[in-house]
Amino acid sequence: MDSYPRAVMITDYDRRKQISVRGIAQVENVSNIKKAFNRHLHFSIIKLGLEIEELQEIEEDAGLGNGGLGRLAACFLDSMATLGIPAYGYGLRYEYGIFKQLIKEGWQVEEPDDWLRFGNPWEKARPEYMLPVNFYGKTVKDSKGRSQWVDTQVVFAMPYDTPIPGYRNNAENHFHLKFFNDGDYVQAVMDRNISENITRVLYPNDNVFIGKELRLKQQYFLVAATLQDIIRRFKSSKYGCRDAIRVDFDTFPDKAFIEFYMFRFKDFYEMYPDRFQNKTNGITPRRWLLLSNPSLADVIAEKIGEDWITNLDELQRLKEFADNPGFLDQIRRVKQENKLRVAQYISEDYNVDVNPASLFDIHVKRLHEYKRQLLNILHVIALYNRIKADPTVDMVPRTFLYGGKAAPGYHMAKQIIKLITSVGEVVNNDPIVGDKIKVCFFSFFAYFPL
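Here our numbering runs 703 ahead of the position in the sequence shown, where the first position is 1.
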């Protein structure tokens, strides 16, 4: 009698990871998953003569946010969906999004990030909810002294819905992405390029007037379309207005307050001051532990179960294992395996051999003077000078890893990247330093290759 592997019950989260090619590639402990759905997918990929790594690269991330505020918006969407809080998110559906970063001769070079070149199967166009946004024009007063805005350039915002699934709760929220659509098609023949620029690229270079004008138009386009949609949903709802509106404090949504005034909410705060609150994001264990570090997640789940995935406070239960030699050994082994994988990636992609037993000092975030990358690399220079002065100095070996993008028009931030790569060239090739210090700058940093 032939025996066949029994199908294994898997979670909704694992199913979502299977559907995403990148999710499949990130899973370390996939023995059970491969016995079910992924086994068939794996055979299909082989039959087509493809590699999983190739598909992983094809599935593009939507580069629609930047820095901490982009991360903040994503955290809110994930958290609300997982908590079952009904919500909508709004953003601009940039055709190119944030740029791809290359490092050439130590300098940052930007290339367009054409993330839509293969389409986006997760979004659904909603032309029935298209809304007009007016630019330019002038104001005139009628016979009763009422002002009217006339002779405007009308651009229509068409929303695209992207579902944001909650974790293990069969719930989802929606993320509305606004895209331009020309209004007057006769005039649009002349104005097409002007209108298209509104959602062409994330954060244009605003060192010149045309860049400043475009960025202001992007800001206004987002908040004007968003507030119109909120009011549209309010008017169509039979339950009245129960919306709480979240504004991320970048330069974009600041204009929302101006729009609130236009829609007669200027006295709202005086009437209900408690309805204006500040919320920030924490650390989601689903992305930064379960997905990013599955080996460590397995060790933790083995000890305290899986409730920590949706309740971070549950990790406090690990305190009882703080003196458990077996548990601590498992943690050390996972960390060392991860460091070996990073060291191999650095060696293969950047031709820098790092000491896996060294202390990894990682500085990955948007390049900006206040983010202190400059201070960090000055520390590297100080350590280098100390070693050169006394090659026998006793110090913990360190590997300094940097990653992050500088805004195209931010000259000082680009200079800092050049300084980091130049210091790396000197330090990494100095035989006196050896493996006491290594420096590597990740171009176009993303966590998935690691």
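From the three backbone atoms N, C-alpha and C, an ideal C-beta is built for every residue, glycine too.
Quick caveat, the model's predicted, so the values are computed rather than measured.
Collapsed DSSP secondary structure at residue 1097 in the structure displayed: Along the sequence shown, one-based indexing puts residue 1097 at 394. Shown here, residue 1097 sits in coil according to DSSP, grouped into three states, outside any helix or strand.
On the DSSP bridge assignment, give the partners of residue 850 in chain order. Position 147 of the sequence shown holds residue 850. 844, per the DSSP bridge assignment.
Entirely within the segment 971 to 1020 and at least 4 residues each: give me those alpha helix (DSSP H) ranges in chain order. 971 to 974 and 997 to 1007
From residue 838 to residue 973, what distance separates their C-alpha atoms? If you number the sequence shown from 1, residue 838 lands on position 135. If you number the sequence shown from 1, residue 973 lands on position 270. When rounded, the distance between both Cα atoms is 31 Å.
Range of the contiguous beta strand (DSSP E) that encloses residue 1066: The residue labelled residue 1066 in the question sits at position 363 within the sequence shown. Residues 1062 to 1067.
Is residue 1030 near residue 1064, with beta carbons less than 8 Å apart? Indexing the sequence shown from 1 puts residue 1030 at position 327. Indexing the sequence shown from 1 puts residue 1064 at position 361. No, the pair does not count as a contact, with Cβ atoms beyond the cut-off.
On the DSSP bridge assignment, give the partners of residue 828 in chain order. Reading the sequence shown from its first residue, position 125 is the one you call residue 828. DSSP output for residue 828 lists 863 as bridge partner(s).
Short of 6 Å in beta carbon distance, which residues of its chain neighbour residue 1015, apart from the five on each side in sequence? Order them along the chain. Position 312 of the sequence shown, counting from 1, holds the residue named residue 1015. Apart from the 5 residues on each side of it in sequence, residue 1015 sits with its Cβ closer than 6 Å to the Cβ of 988 in its chain, given in chain order.
Look at residue 1117 and residue 811 and say whether their C-beta atoms are less than 8 Å apart. By 1-based counting over the sequence shown, the position of residue 1117 is 414. By 1-based counting over the sequence shown, the position of residue 811 is 108. Closer than 8 Å, so yes.
Please work out which residues of its chain come closer than 6 Å, Cβ to Cβ, to residue 1145, disregarding the five sequence neighbours upstream and downstream, and give them in chain order. Position 442 of the sequence shown holds residue 1145. Closer than 6 Å at Cβ, skipping near neighbours: 1106.
For residue 862 and residue 869, the rounded distance between their alpha carbons: Walking along the sequence shown from the start, residue 869 turns up at place 166. Walking along the sequence shown from the start, residue 862 turns up at place 159. Residue 869 and residue 862: Cα-Cα distance of roughly 22 Å.
Can at least three beta-carbon pairs, one atom from the segment 844 to 854 and one from the segment 753 to 768, be found at a separation below 8 Å? no
Would you mind working out which of 1088, 1066 and 931 sits nearest residue 1130, comparing C-alpha positions? The residue you call residue 1130 lines up with position 427 of the sequence shown. Checked all of 1088, 1066 and 931; the closest Cα to residue 1130 is 1088.
DSSP on residue 1081, reduced to helix/strand/coil? As a first step, residue 1081 is located in the sequence shown; it is residue number 378 there, counting from the start. Helix, per DSSP.
Helix, strand or coil, according to DSSP, for residue 806 in the structure here? By one-based count along the sequence shown, residue 806 stands at place 103. When DSSP states are grouped into helix, strand and coil, residue 806 belongs to the strand group.
Pairs of beta-carbons, one from the segment 815 to 822 and one from the segment 834 to 848, closer than 8 Å: are there three or more? no
If residue 794 and residue 919 are in contact, beta carbons under 8 Å, what's the gap, nearest whole angstrom? Position 91 of the sequence shown, counted from the first residue, corresponds to residue 794. Position 216 of the sequence shown, counted from the first residue, corresponds to residue 919. No, residue 794 and residue 919 are not in contact; Cβ-Cβ is about 17 Å, not under 8 Å.
Would you mind sorting residue 798 into buried or exposed? The rule is 16 or more other CB atoms within 10 Å of its CB. As a working mapping, residue 798 is identified with position 95 in the sequence shown. So residue 798 ends up on the buried side.
On a Cα-Cα basis, can you pick out the residue from 1044, 842 and 859 that is closest to residue 831? In the sequence shown, counting from the first residue as 1, residue 831 sits at position 128. Selected option, being the one with the closest Cα: 859.
Give the DSSP-derived three-state secondary structure of residue 1055 in the structure shown. The sequence position of residue 1055 within the sequence shown is 352, counting from 1. Residue 1055: coil per DSSP, three-state reduction.
Tell me the rounded alpha-carbon separation between residue 727 and residue 781. Walking along the sequence shown from the start, residue 727 turns up at place 24. Walking along the sequence shown from the start, residue 781 turns up at place 78. At residue 727, the pLDDT of 45 sits below 50, so the modelled position is not reliable; the number obtained from the coordinates is stated separately. Whole-angstrom Cα-Cα distance: 20 Å.
Exposure of residue 1134, with buried meaning 16 or more beta-carbon neighbours within 10 Å: Translated into positions along the sequence shown, residue 1134 becomes position 431. Classification of residue 1134: exposed, given that the 10 Å Cβ count is below 16.
Exposed or buried, which one is residue 993 when buried takes at least 16 other CB atoms within 10 Å? Taking the first residue of the sequence shown as 1, we reach residue 993 at position 290. With 16 or more other Cβ atoms within 10 Å, it is buried.
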